[in-house]
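Residue numbers (full-length UniProt numbering), protein chains in the order written: chain A, 1 to 273; chain B, 1 to 273.
Protein chains: 2
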Amino acid sequence: MPDTPVSRPDDAAPPSVCRWAVLIEYDGRGFVGWQRQPSETLLSIQGLLEGAANRLTAGRTVPSITAGRTDAGVHASGQVAHLDFPADVTLSSATVRDGLNFYMKPHPVVVLMARPVLPQWNARFSARMRSYRYRILNRAARPALDEGRVWHVKSPLDVEAMQQAARVLVGRHDFTSFRATACQARSPIRTLDQLEVRREGEAVIIETHARSFLHHQVRNMAGTLKLVGEGRWDVERVEQALAARDRRAAGPTAPPDGLCLTGVGYEDNPFIR
Amino acid sequence: MPDTPVSRPDDAAPPSVCRWAVLIEYDGRGFVGWQRQPSETLLSIQGLLEGAANRLTAGRTVPSITAGRTDAGVHASGQVAHLDFPADVTLSSATVRDGLNFYMKPHPVVVLMARPVLPQWNARFSARMRSYRYRILNRAARPALDEGRVWHVKSPLDVEAMQQAARVLVGRHDFTSFRATACQARSPIRTLDQLEVRREGEAVIIETHARSFLHHQVRNMAGTLKLVGEGRWDVERVEQALAARDRRAAGPTAPPDGLCLTGVGYEDNPFIR
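Below you can see the structure in the form of structure tokens.
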């Protein structure tokens with residue numbers, strides 16, 4: 001999830017490749033996360049996607065870059081990546097989509113759309129906005145239909161208090177208290193454009209947008225807002241946590257189950273041309 | 001799913017038992033359906049629920065009756081059953097709910113609410129309305145997030161045509177063409193109170209209510225409406241299928257994946273007292 005929003009000269013595709021943007025949906029359970037791991041026994045979304053591209057091109061190497069390197073167990077309904085196919089491989093949009101999906105079977109990862117893009121278009125560095133949704137199932141009974149897809153919180157949550165606390169975090173801040181201690185981003189400063197909490201029946205939904213997020217930032221904010229919803233923390237405590245610039249000052253990291261990357265925004269969006 | 005909407009003298013609980021109504025949610029994948037099977041190796045919702053009640057009562061037999069005997073792979077967000085506990089076992093509503101959920105772990109079946117009911121209240125025979133939702137995922141890419149929970153139909157569906165055809169089926173009809181040949185209901189006459197088709201993004205949703213349904217009726221209606229949505233059948237063909245009173249005249253049975261029992265209505269609803 002850490003991402004550097006500044007484009008670099010080597011972001012563009014070399015002339016020998018044909019770059020494709022892909023819109024991806026996945027269920028993150030059973031994966032180590034987006035990023036390919038050195039061990040071939042650990043299943044990553046990236047490894048699965050590049051492996052499918054490799055088979056689609058009869059054994060060629062097809063590297064990928066994603067907009068959001070989601071962690072193990074985190075889901076996506078609107079992830080975006082680009083794939084650099086060899087320039088001599090000519091495929092239609094439908095063939096790229098259906099071919100990748102065929103080779104990724106039976107894993108819960110699918111390409112919803114594939115579009116050829118210009119060499120300078122980069123899934124990660126051209127991204128202007130990331131959107132995440134965090135879902136809490138707020139009821140006594142554990143989830144049956146949504147097991148692995150929600151955070152189960154039994155105690156009744158005060159959504160209005162959570163929304164008040166969320167307002168504290170919106171804007172440009174040093175989010176050191178809300179980023180993983182292992183976060184590799186150069187700066188802890190981020191601008192949170194939206195952080196909204198609403199109830200939908202038994203679910204409490206947290207929606208957030210920002211140009212980019214720090215590692216674990218959404219889950220750390222969700223874990224903190226849950227404490228507010230339970231009445232264990234007040235809004236002032238969240239203000240203090242933010243001001244402390246110390247990971248130990250904020251709430252615990254919420255589990256990955258509830259998190260879903262719902263969309264990535266681009267100035268030049270290849271999927272809505 | 002076949003159900004006889006007429007109350008019988010032996011529906012009431014004998015005086016030696018304490019009857020509990022339970023509201024249940026489950027993911028039907030991996031189950032042979034609601035109904036307990038003679039073989040103990042086949043997992044049924046009923047077997048799991050009664051087994052949990054048996055453990056909660058330290059080995060007593062706790063029989064159950066359900067409002068809707070769903071088939072293998074069919075889901076429920078609002079199933080209702082009653083359980084006859086021995087009268088000397090006194091438990092609170094929270095203990096019945098949490099105790100059953102504890103013993104049903106880790107299976108995707110949970111009791112959302114448990115309420116004591118009068119002996120003459122019967123989950124099956126007191127039911128006045130059953131509601132089902134059938135979900136079609138209508139896009140090129142197979143489902144990743146909703147695998148096993150939707151019917152994947154690739155060709156674009158004309159929802160307006162489906163809705164027109166649905167109107168043909170609403171009302172009191174002989175549904176012989178839409179019931180499983182193995183259906184054991186005495187009469188093929190049913191009154192369909194609602195059958196509505198709508199689009200929600202990539203999903204096509206069919207909602208239906210009736211006092212009771214015949215075996216496979218919702219799936220057979222969904223399979224027929226899909227042919228209309230694809231433009232392969234017109235509304236007249238659906239009229240003819242209904243009039244034929246012959247299972248072979250209607251469309252194929254849609255897969256169980258898309259079907260969910262969303263609610264059961266009672267004159268005296270124990271869950272909204």
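By construction, the Cβ of each residue, glycine as well, lies at the ideal position given by its N, Cα and C atoms.
*What residues in the segment 80–100 of chain B have a beta carbon less than 8 Å from any beta carbon of chain A?*
ALA94, ARG97 and ASP98
*From which residue to which residue does the beta strand (DSSP E) around ILE65 of chain B run?*
64–66
*Drop a sphere of 10 angstroms on the beta-carbon of LYS105 of chain A, count the other beta-carbons inside from all chains shown, and report buried for 16 or more, exposed for fewer.*
exposed
*Roughly how many whole angstroms lie between the Cα atoms of ARG232 of chain B and LYS154 of chain B?*
14 Å
*If contact means a Cβ-Cβ distance below 7 Å, which residues of the segment 228–240 of chain A contact chain B?*
none
*Three-state secondary structure (DSSP) at ALA166 of chain A?*
helix
*Near GLU25 of chain A, what residues of its chain come up, given a Cβ to Cβ distance below 7 Å and the 5 sequence neighbours on each side ignored?*
ALA76, SER77, VAL110 and LEU112, listed in sequence order.
*Mark ALA123 of chain B as exposed unless 16 or more other C-beta atoms lie within 10 angstroms of its C-beta, in which case mark it buried.*
buried
*Does DSSP put ASP146 of chain B in a helix, a strand or coil?*
coil
*Secondary structure of PHE175 of chain A, DSSP reduced to three states*: coil
*What separation, rounded to the nearest whole angstrom, lies between the Cα atoms of THR208 of chain B and HIS216 of chain A?*
Each residue's CA atom was taken as its position, placing THR208 of chain B and HIS216 of chain A some 42 Å apart.
_According to DSSP, simplified to helix, strand and coil, what is THR188 of chain A?_
Contrary to the premise, residue 188 of chain A reads as Pro rather than Thr in this sequence. PRO188 of chain A falls in the coil class under three-state DSSP.
*Within 8 Å (strictly less), CB to CB, does SER77 of chain A reach chain B?*
yes
*Under 8 Å between C-beta atoms of GLY33 of chain B and VAL74 of chain B*: yes
*asked:* By the three-class DSSP mapping on this structure, what secondary structure does GLY263 of chain A have?
replied: strand
*Rounded to whole angstroms, what's the CA-CA distance from ASP3 of chain A to ILE45 of chain A? Just pull it up for me.*
Residue placement at ASP3 of chain A is flagged as unreliable, the pLDDT there being 47, under the threshold of 50; the coordinate-derived value follows with that caveat. So the two alpha carbons sit approximately 18 Å from each other.
*Starting from the beta carbon of VAL109 of chain A, find every residue of chain B whose beta carbon is closer than 8 Å, and list them in chain order.*
Below the 8 Å Cβ cutoff, chain B contributes ALA144 as neighbours of VAL109 of chain A, in chain order.
*Could you say which of A:SER126, A:ILE65, A:ASP84 and A:THR176 lies nearest to residue 274 of chain A if we only look at CA atoms?*
This structure does not reach residue 274 of chain A, given that chain A is present from 1 up to 273, and the question cannot be answered.
*Chain-order list of residues whose beta-carbon lies under 6 Å from that of residue 276 of chain B (same chain, five-residue window excluded)*: Residue 276 of chain B is absent from the structure shown; chain B starts at 1 and stops at 273.
*Per DSSP, cross-strand counterpart(s) of residue 274 of chain A*: Examination of residue 274 of chain A is not possible in this model, given that chain A is present from 1 through 273 alone.
*Do LEU195 of chain A and VAL235 of chain A come within 8 Å of each other at the CB atom, strictly closer than that value?*
no
_Burial state of LEU118 of chain A, where buried means 16 or more other Cβ atoms lie within 10 Å_ = exposed
_Contained alpha helix (DSSP H) runs [length at least 4] in the segment 48–117 of chain B, N- to C-terminal order_ = Listed in chain order, they are 93–104.
_Assigned exposure category for ALA87 of chain A - 16 Cβ within 10 Å defines buried_ = exposed
*asked:* If distances are taken between C-alpha atoms only, which option among B:VAL168, B:HIS107 and B:LEU145 comes closest to GLY30 of chain A?
replied: B:LEU145
_Integer Cβ distance of ALA127 of chain A from ALA210 of chain A, believed to fall under 8 Å_ = About 11 Å; that fails the 8 Å criterion.
*How about MET1 of chain B: is its C-beta nearer than 8 Å to some C-beta of chain A?*
Residue confidence for MET1 of chain B is low, a pLDDT of 46 falling below 50, so the modelled location carries little weight and cannot support an answer.
*Beta-carbon proximity check, ASP174 of chain A vs ARG237 of chain A, cutoff 8 Å*: no
_Contacts that TYR26 of chain B makes with chain A (C-beta to C-beta distance below 8 Å)_ = ALA144 and LEU145
_I'd like to check one pair, ALA58 of chain B with LEU100 of chain B: are the Cβ atoms closer than 8 Å?_
Taking 8 Å as the Cβ cut-off, LEU100 of chain B and ALA58 of chain B do not qualify as a contacting pair.
*asked:* How far does the beta strand (DSSP E) with ARG211 of chain A in it extend, from its first residue to its last?
replied: Looking at the DSSP string, ARG211 of chain A is not in any beta strand (DSSP E), and its letter there is neither H nor E.
*Where does GLN194 of chain A sit, in a helix, a strand or coil, going by DSSP?*
In the displayed model, GLN194 of chain A falls within a strand according to three-state DSSP.
_Assuming the contact rule is C-beta atoms closer than 8 Å, VAL197 of chain A and MET221 of chain A should be a hit. Round their C-beta distance to whole Å, please._
At roughly 10 Å, the Cβ-Cβ gap does not stay under 8 Å, so VAL197 of chain A and MET221 of chain A are not in contact.
*For PHE85 of chain B, count neighbouring C-beta atoms within 10 Å of its own C-beta (all shown protein chains included) and say buried if the count is 16 or more, exposed if not.*
buried
_Please confirm whether THR4 of chain B has its beta-carbon closer than 8 Å to some beta-carbon of chain A._
A caution first: THR4 of chain B carries a pLDDT of 47, below 50, which makes its placement in the model too unreliable to give a value.
*Start and end residues, alpha helix (DSSP H) containing LEU242 of chain B*: 235–244
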